[in-house]
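Student: Oh and the sequence shown: position 782 is 782 in full-length UniProt numbering, straight run, nothing missing.
By construction, the Cβ of each residue, glycine as well, lies at the ideal position given by its N, Cα and C atoms.
Structure below; questions to follow.
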Amino acid sequence: MPVELLEFHRSMVEDLMPSAVTPLKSSSALAATAPRGSEGKGDGLLIAAKGLGLRRILLTFLQVYSDPRNLVLLLNTPSREVDVLREDLMAAIAARTPLEGANKVHPNLFKVINNETPASDRSDLYRSGGVLSVTSRILVVDMLNKVLPFDLVLGIIVNHAHRVTETSTEAFILRLYRDENKIGFIKALSDEPEAFTHGFWKLERSMKLLFLRHVFLWPRFHMRVHETLEGLGKVHVIESQVPYTQSMRDIQAGLVDCIDQCLAELRRSNPTIDAEEFTVENAFFRSFDQLIRVQLDPIWHRVSQKTKQLVGDLKILRKLLSYLVSYDCVTFNSFLETIVAANASEPSAVFRSEASQSQWLFLDAAHTVLSAARQRVYRRVVGATGNLEAGIPPGVEPVLEEQPKWRALIDALRVIEADRSELLGRGEVPGPVLIMVEGDRACTQLREVLADCDLTVVKPEAEEKPLRETFTKQRKKGQIRSSQKRSRSEDAIDETLEQEGVLVEHTDAQIEKEGQRRGVSFSSTGSEQLLNRLIQKYFRWKGGMSAVTRNLFNKSRAGGGSKSGSTNVSANEASRGRGRGGRGAPPNKRRRVRGGSASATPETGRTPDIGESSIHTTFEQEAAQIAEFLSQADPVATVADDIQERPPEDEDVLEPEAYFGIVDPSSSIVIRPYASTSTSFAGGSAANGDDDARVLEDLRPSYIVIYDPDLGFIRRVEVFRALNPTHPLQVHFLVYSNSVEEQRFLSQIRREKTAFEKLIREKSIMAIPIDQDGRTPRDPEEEFWQKLDTRLAGGQRIPANEKNQVIVDVREFRSSLPSLLHARRMTLRACTLEVGDYVLSPQICVERKSISDLIQSLKSGRLYTQCEAMSLHYKIPVLLIEFDKDKAFSLHLDRDIRGEIDARDVGSRLALLCLHFPKLRIVWSSSAAATAEIVEDLKKNQEEPSMDDAMAVGVDNPETIDSAFNITPSDVLRSLPGITSKNYRYVMSKVQNLRELSEMPLERCQQLLGQEFGKMLYAFFRKNPKEEDM
């Protein structure tokens, strides 16, 4: 059956289809029914608002062109998204009937070509037709080598068109396609309107790269979209404005004040940059980091250390605002204290580094943030005895403030449970409950908070319905006052408590008793267990920090002081938590320690002594006291508690019947992270949030709780409701009132609306050349005169057919240089080169290195081997060092230049390389565009290279070289110890894959590679990275 579409979906499809072809016809009728002269009517760029169902449009096109008699290429689609599209397309095609135009169902109409596809099979796959999703690097090589039959290609569909730039491989592919095929279509899709508003006339430049003359804009406020979504039934939304606690309000206000002062200092320190967009509102978004770096990267080597530190501080402060609403109080306070430790300036500090001093920590607002965050976890009480068994030191009384949304979520679930009970009483079966959160961490915590949580409310039947109605009305207003009384039965433990103006229901007498003793209450048993376990780990971690500090201080006193390098090594040891008891921070805390230290840009000088002793001294004193208390605990029991990361479970895990069974959908609660924020395998590989729409289609929930606001998911819920108007659906929307979370959500809506308004205006005044689509045929005479060089014999010498030929290694198509060389009318020949990356002539060979690759190659010695091979086989070996065009054209800062040779310095290693290879020429290029000009100049008055000769260089057996081996595994193999350019082909012919090679015994490795090389390879595969000396 066809993909189910709404009215505006069908209008979108019609915009990108020729007028003579309807979306539900088979593609075999496309060429026959399209009138002459209407070829361009099917081309266009479609930009839709996020969440409006662009995946359905793509599926419709794939279904239309899923015919073996045509060949359609799908570009710029990640592997995870391809798998989802393939499943949906196969399901739609399998349901076709003969009346819908399908003569035969072909099971392999949507194929994938990637690095695992052998080169010998790709030509047959191209000629078999259907829809092919091809990796861009492989496709461009096949196009240059004429493996792809251009005359059979019906068209190209470009997914995520906003990612196509001047230097991208997709733009190179479209240029090659239009040079050889003037008839096929090009359809581009995108749901990121803001990406087309960055820079000057970004939309016009993108359409030029895509060879398109038409753009179709579909915002949420489009009349047809509005009428469709509103006319088929609105979604019943219950919005809950969850108030902050007083401590959270103080923390948010302090963080915003710190961001404001950091931005003001950044503007004062750099008066020459355009600071118009450096506002507090923009600083709430993740794109703000890129916005700053775009302006500062070209002058990064000239800006002060203070400016670099401010950039890192702004990134940390933005993360803290997000962590305030997503992390629990214990984790948030731990993150703050790791920042304090990383910026400690005392000689005995754990993470002491003179280059990592954050100025915002010495502001008054920072003191407010630190004190409020600590008060959410515990407070100092004189005379408190503590609890040795629970790991609570004396003088400390736990507070353990819950996230307000946890209680609001449980309240919403109780309302949902009451509604479901009412539906079940009427004989109706509701769907499951879906809770959408941001990130895997929040998803895991909510599962534990809701574990063993009683959502039922025991009341007389006469009182239950009025109470639920009143509860719903107050929930719509955003608050539920404690004055609302609830009756209870004889066996119920529930009672009315007044806590922060929120209705609280307790189902555990122990929680109630403990909460009354502390002056706090927990919303569920899982919440109490989670926070108690986290605070125990927190105190153990803090005690370990004190032990490490003491060891470092003693070491520095014994050694008479340490240099910055040794201090950094000790800091890394400290981050692994080697304190008292052999424990430290959990893995996530270790990452945050490094992140806090790394984001504070290195090479920053010491900050002035502005109250710097108070924060760090208090931290170290508390850590010392906690360490002394923990020394009295049982180390065996403490280690056992630390190993247990989750609540205890039953022991009979080998009995599947006790753990697996059929779950009733009407009683299930599903908690899922948004696909765009998940770091799991499924979510991390998703290109966008379209997986969330698939979750709605698969689960068909009757209740949805949007725990964290997400604009795209809200639109997907609207589309799901419009596609299923009879399906009962209730949405609970939770948002913190007067918070950064709310401001970020509203700003996201406003920015999308502003982006569409800008695109509409740009479309109305855009002047598009008539030949921009590339369909105009070339004039052979004009091409002849373009190739003719009047500087050679006055233009009397006829140019050769293979002029400006460059032999390019296939691995180089990951970069943008081949595309720029082709744009300068150079003929590229792609093959696998053993020596060099580019062969310009029989005498000139070029090895291209980016800055990161240069540093790595110098460190590993690979560059020495490559220069040795080039010097042996070519007269003029060239090392091309290419910089990023958006970054500074400087290898290192002037103050980093040393007067003597240092083996660890990049400049010193380059000098030694030049001494070893006198014939080596080094070319410095500021960007890929500058590299293209340099290559063009180097090729002047040079003979054209031979592809066969270039491929034979460096190969012992001058046999015919093909691409039968996969490129990526070959690259991995060549990087292994003991594998050289002399033996890697022999190894590939004897071993099936890398796994077989890694499992070989020592005798087999030595038989294959020799005694020394075999021993090196065997030792590498069995080396434990954790035991490697730093």
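Counting pairs of Cβ atoms below 8 Å between the stretch 310-329 and the stretch 732-751, do you hit three or more?
Tutor: Enough Cβ pairs lie closer than 8 Å, so yes.
Student: What residue from Leu913, Lys859, Phe917 and Thr60 has the CA that sits closest to Lys875's CA?
Tutor: Lys875 has its Cα closest to that of Phe917, out of Leu913, Lys859, Phe917 and Thr60.
Student: Compare the C-alpha of Asp771 against each of Val131, Arg213, Asn145 and Leu296 and name the closest.
Tutor: Minimum Cα distance to Asp771 is reached at Arg213.
Student: Between Arg1004, Val153 and His727, which has its C-alpha nearest Ile183's C-alpha?
Tutor: The candidate whose alpha carbon is nearest that of Ile183 is Val153.
Student: Name, in chain order, the residues that DSSP records as bridge partners for Leu255.
Tutor: DSSP, once it has assigned bridges, lists no residue as partnering Leu255.
Student: In chain order, what residues of the same chain lie with their CB nearer than 6 Å to the CB of Ser841, ignoring the 5 residues before and after it?
Tutor: The answer, listed in chain order, is Gln942, Glu943 and Pro945.
Student: Within 10 angstroms of its Cβ, does Gly53 collect 16 or more other Cβ (buried), or is it exposed?
Tutor: By the neighbour-count rule (16 or more Cβ atoms within 10 Å), Gly53 is buried.
Student: Sorted by chain position, which residues of the same chain lie with C-beta nearer than 6 Å to His693's C-beta, five sequence neighbours on each side aside?
Tutor: First, the amino acid is wrong: residue 693 is Ala here, not His. Closer than 6 Å at Cβ, skipping near neighbours: Arg716.
Student: How should Gln1007 be labelled, buried or exposed, when 16 other C-beta atoms within 10 angstroms of its C-beta is the threshold for buried?
Tutor: With fewer than 16 Cβ atoms within 10 Å of its Cβ, Gln1007 is classed as exposed.
Student: Near Leu263, what residues of its chain come up, given a Cβ to Cβ distance below 6 Å and the 5 sequence neighbours on each side ignored?
Tutor: Excluding positions up to five away in sequence, the list reads Phe278.
Student: So, helix, strand or coil for Lys1023, using DSSP?
Tutor: Three-state result, Lys1023: coil.
Student: Looking at the structure shown, is Asp1017 part of a helix, part of a strand, or coil, going by DSSP?
Tutor: The question names Asp, but residue 1017 in the sequence shown is Leu. Of the three classes helix, strand and coil, the one that applies to Leu1017 here is helix, per DSSP.
Student: If you draw a straight line from the C-alpha of residue 1070 to the C-alpha of Val82, how long is it?
Tutor: Residue 1070 lies beyond the stretch modelled for the chain, which goes from 1 to 1030, so this question has no answer here.
Student: Kindly give me the distance between the Cβ atoms of Leu976 and Leu1002, rounded to whole angstroms, as I take these residues to be in contact under 8 Å.
Tutor: That belief does not hold up - the Cβ atoms of Leu976 and Leu1002 are roughly 15 Å apart, past 8 Å.
Student: Is the beta carbon of Val705 closer than 8 Å to that of Leu409?
Tutor: Yes, they are a contact pair.
Student: Between the stretch 434-453 and the stretch 521-536, do three or more beta carbon pairs fall short of 8 Å?
Tutor: The stretch 434-453 vs the stretch 521-536: in contact.
Student: If you draw a straight line from the C-alpha of Pro466 to the C-alpha of Ala418, how long is it?
Tutor: Only weak support is given to the placement of Pro466: the predicted model assigns it a pLDDT of 45, under 50, and the value that follows is read from those uncertain coordinates. The straight-line gap from Cα to Cα measures roughly 12 Å.
Student: Nearest to Lys763 by CA position, among Asp809, Gly395, Val215 and Glu834, is which residue?
Tutor: The option with the nearest alpha carbon to Lys763 is Val215.
Student: If you count every other CB in all the chains shown that lies within 10 Å of the CB of Thr931, and 16 or more means buried, which is it?
Tutor: Flag for Thr931 reads buried.
Student: Give the straight-line distance between the Cα atoms of Arg1022 and Tyr864, rounded to the nearest whole angstrom.
Tutor: Taking the straight line joining both Cα atoms gives about 26 Å.
Student: Can you tell me which of Leu5, Lys50, Asp43 and Leu16 puts its alpha carbon nearest to the alpha carbon of Gly712?
Tutor: Minimum Cα distance to Gly712 is reached at Lys50.
Student: For Phe335, does the count of other Cβ atoms within 10 angstroms reach 16, so buried, or fall short, so exposed?
Tutor: Answer is buried; the Cβ neighbour count reaches 16.
Student: Going by beta carbon distance, what residues of the same chain come within less than 8 Å of Val158, once the five residues before and after it are set aside?
Tutor: Excluding residues within five positions, the ones whose Cβ falls inside 8 Å are Leu75, Asn76, Val164, Glu170, Leu174, Ile186, Lys187, Ala188, Leu189 and Leu210.
Student: Assess contact between the stretch 814-821 and the stretch 853-869, defined as three or more Cβ pairs (one per stretch) separated by less than 8 Å. Is contact present?
Tutor: The stretch 814-821 is not in contact with the stretch 853-869.
Student: For Ile851, tell me which candidate among Arg824, Leu880 and Met826 has the shortest Cα-Cα distance.
Tutor: Residue Leu880 is the option with its Cα nearest to Ile851.
Student: Find out if the Cβ-Cβ distance for the pair Leu58, Leu16 is shorter than 8 Å.
Tutor: Cβ atoms of Leu58 and Leu16: not closer than 8 Å.
Student: Going by CA-CA distance only, name the one from Leu320, Ser702, Ser970 and Ser287 that's closest to Ile251.
Tutor: That would be Leu320, whose Cα lies nearest to the Cα of Ile251.
Student: Given this structure, state the Cα-to-Cα distance separating Glu697 from Val131, to the nearest angstrom.
Tutor: If I take the Cα positions, the gap works out to 24 Å.
Student: Please name the residue in Arg824, Arg447, Lys202 and Glu7 whose C-alpha comes closest to that of Lys758.
Tutor: If we check each option's Cα against that of Lys758, Lys202 comes out closest.
Student: Please report how far the alpha carbon of Leu910 lies from the alpha carbon of Ala928, in whole angstroms.
Tutor: Leu910 and Ala928: Cα-Cα distance of roughly 21 Å.
Student: Would you kindly work out how many angstroms separate the C-alpha atoms of Val225 and Gln992, rounded to a whole number?
Tutor: Each residue's Cα considered, the two are about 54 Å apart.
Student: So, are the CB atoms of Ile317 and Trp360 less than 8 Å apart?
Tutor: The amino acid occupying residue 317 in the given sequence is Leu; Ile does not appear at that position. Result yes, Cβ atoms of Leu317 and Trp360 sit closer than 8 Å.
Student: What residue does the beta strand (DSSP E) around Tyr874 start on, and which one ends it?
Tutor: Careful: Tyr874 lies outside any beta strand (DSSP E) and carries neither H nor E.
Student: Please work out which residues of its chain come closer than 8 Å, Cβ to Cβ, to Leu176, disregarding the five sequence neighbours upstream and downstream, and give them in chain order.
Tutor: Answer for Leu176: Val140, Met143, Leu144 and His822, listed in chain order.
Student: Any idea which residues DSSP pairs Ser269 with across the strands?
Tutor: DSSP, once it has assigned bridges, lists no residue as partnering Ser269.
Student: Tell me which same chain residues have a C-beta within less than 7 Å of the C-beta of Ser11, skipping the five on either side of it?
Tutor: Same-chain partners within the cutoff: Arg224.
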